[in-house]
Amino acid sequence: MLTQLGITTEVMLHSVSDAVEWFRNNPDPELIFLDIQLSDGLSFEIFEQVSPKSAIIFTTAYDEYALKAFKLNSIDYLLKPIDDEELEAAITKFDQNRKAEGLDLHEIKTMLAGQSSLKTYKTRFTAQVGQHLKLVEASDIACFYSENKSTYMHCFNGRNYPIDIPLEQLQDELDPEKFYRVNRKCIINIKAIEDILTYSNSRLEVKVQNFADFQIIVSRERVKDFKAWLNN
């Protein structure tokens with residue numbers, strides 16, 4: 100409860116299905132803080148089934164959904180980690196008559212962080228193989244890569260399978276402790292790394308198990324973060 104402003108948190112929901120059920124059985128709240136990625140899909144799926152009239156402040160780690168968010172009742176779109184000033188500005192938009200400086204920003208940020216900590220990640224994927232659908236466990240995938248505007252998953256057994264999910268979406272659906280996007284066309288599994296070599300212009304080359312389709316180069320701007328991920 101945000102006592103300083105008399106704001107009450109009615110409920111915290113972590114999945115599309117739970118949110119749809121709640122909205123169908125409860126009055127619309129005044130304001131919704133909504134993470135883009137929920138445990139069972141993207142939060143946009145909620146509005147395909149219900150139409151709450153609430154104002155919405157979206158929160159996410161990535162900015163590729165901004166346009167879609169603003170087509171809904173969105174008053175702002177905050178990128179994580181949540182910035183105090185941006186959060187304050189979003190609340191001001193929501194209610195010009197409230198004094199934003201009196202808002203308990205820390206409490207809201209803690210609430211939003213708590214939602215993220217409960218996030219679950221995809222554990223399996225399906226691939227079309229002829230007339231059959233093949234189930235592939237995430238733990239069996241050495242890397243995901245894009246090529247010729249298509250996405251593929253490369254498995255530890257050396258097989259490649261097409262998958263109908265872009266890397267931008269996969270990046271948000273995979274466990275970040277196990278998978279890392281090293282550049283614009285490749286996400287790798289930490290268990291698939293066989294070797295890491297220095298490369299030109301302060302970059303790194305990563306050797307992935309049974310993968311020889313192309314060189315996997317960690318872009319220079321990602322090297323520092325990549326090393327931190329390896330040491331996590």
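To get our numbering, take the position in the sequence shown, counting from 1, and add 99.
Backbone N, C-alpha and C define an ideal beta-carbon position, used for all residues, glycine too.
Because the structure is a prediction, the values reported are computed rather than measured.
A check of alpha carbon separations from Thr297 across Tyr220, Val322 and Arg283 identifies Val322 as the nearest.
When beta bridges are read from the DSSP output, Gly140 appears opposite Leu137. Residue burial is scored here from C-beta neighbours: Ile289 has fewer than 16 other C-beta atoms within 10 angstroms and is therefore classed as exposed.
Annotated as distal: Val281 and Ala291, with beta-carbon spacing of 7 angstroms or more. In the structure shown, Asp294 falls within a strand segment according to DSSP collapsed to helix, strand and coil.
In the displayed model, Ala226 falls within a strand according to three-state DSSP. The region 253-261 makes contact with the region 228-239, as at least three CB pairs between them are under 8 angstroms.
In this chain, the alpha helix (DSSP H) harbouring Leu266 covers Leu266 to Glu272. Just measuring C-alpha positions, the residue of Pro180, Glu129, Gly140 and Ser142 sitting nearest Lys192 is Glu129. DSSP lists Ile286 as the bridge partner or partners of Arg280.
Straight across, the Cα-Cα distance linking Ser318 with Cys285 is about 11 angstroms. Rounded to whole angstroms, the separation of the alpha carbons of Thr225 and Thr219 is 18 angstroms. For the 7 angstroms CB-CB criterion, Asp134 and Thr108 do not form a contact.
Selection Lys248, Asp263 and Phe243 evaluated against Val228 yields Asp263 as nearest (Cα-Cα). In chain order, Ser153 and Ile155 place their CB closer than 6 angstroms to the CB of Ile131, counting only its own chain and leaving out the 5 sequence neighbours on each side.
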